[in-house]
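Colleague: Residues in the sequence shown are numbered consecutively from 221, following the working numbering.
Okay, here's the structure, questions in a sec.
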Amino acid sequence: MRNFIVTIDGKSYSVGVEEVESGVTPAPVQTAQTASASVKPAAPAAVPEGEKVLSPFPGIIKNLLVENGAKVKKNQPVIVMEAMKMDNDITAPCDGTVTFAVIKGANVETGTVLAVIS
């Protein structure tokens with residue numbers, strides 16, 4: 221068995237891989253140093269000015285309840301998030317026009333910008 225450390229989204233995992241005799245020559249493996257030196261982080265997406273709607277907990281974006289660019293009222297539900305198998309409405313903090321920063325099916329962490337109301 222060979223052990224590797226794999227880093228995904230900044231989180232490291234120890235992985236054990238068992239060798240199987242198949243007569244196939246394995247492809248060369250790129251080391252973590254080489255990978256990190258050659259990979260450049262993506263530029264952060266531009267977030268418009270306005271009142272940010274933040275994720276109150278980690279979860280999955282189950283549904284966007286209004287169209288991007290729609291006019292919304294304070295306390296109007298704009299997103300349905302699923303967390304621990306329960307659906308939770310995320311509401312607009314103020315009146316304005318909604319611009320979503322996430323898509324349906326996205327996994328989000330606490331504090332992630334879900335939308336901006338301007």
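Note that the Cβ used here is the ideal one computed from N, Cα and C, for glycine as well.
Which whole-angstrom value describes the C-beta separation of K294 and P313, a residue pair presumed to lie in contact below a C-beta threshold of 8 Å?
Modeller: On the sequence shown, residue 294 is found 74 positions in, with the first residue counted as 1. On the sequence shown, residue 313 is found 93 positions in, with the first residue counted as 1. Right, their Cβ atoms sit about 7 Å apart.
Colleague: Counting C-beta neighbours from all protein chains within 10 Å, is the total for S275 16 or more, i.e. buried, or is it exposed?
Modeller: Position 55 of the sequence shown holds residue 275. Buried.
Colleague: Helix, strand or coil for A263, going by three-state DSSP, please let me know.
Modeller: On the sequence shown, residue 263 is found 43 positions in, with the first residue counted as 1. Confidence is the limiting factor: at A263 the pLDDT is only 48, short of 50, which leaves the residue's position unreliable and the question unanswerable from this model.
Colleague: Whose C-beta lies closer than 7 Å to the C-beta of S234 among residues of the same chain, with five residues either side of it excluded?
Modeller: Position 14 of the sequence shown holds residue 234. Only N223 and I225 meet the Cβ criterion.
Colleague: Note down, one range per segment and in chain order, each beta strand (DSSP E) of at least 3 residues found wholly within the segment 287-321.
Modeller: Considered as a whole, the segment 287-321 harbours 297-303, 306-311 and 316-320 as its complete beta strand (DSSP E) runs of no fewer than 3 residues, in chain order.
Colleague: Please report how far the alpha carbon of P278 lies from the alpha carbon of G331, in whole angstroms.
Modeller: Within the sequence shown, residue 278 is the residue found at index 58, counting from 1. Within the sequence shown, residue 331 is the residue found at index 111, counting from 1. Each residue's alpha carbon lies about 8 Å from the other.
Colleague: If we ignore side chains and look at the alpha-carbon of each, how far apart do S338 and I310 end up?
Modeller: Counted from its first residue, the sequence shown places residue 338 at position 118. Counted from its first residue, the sequence shown places residue 310 at position 90. Computed Cα separation, rounded: 16 Å.
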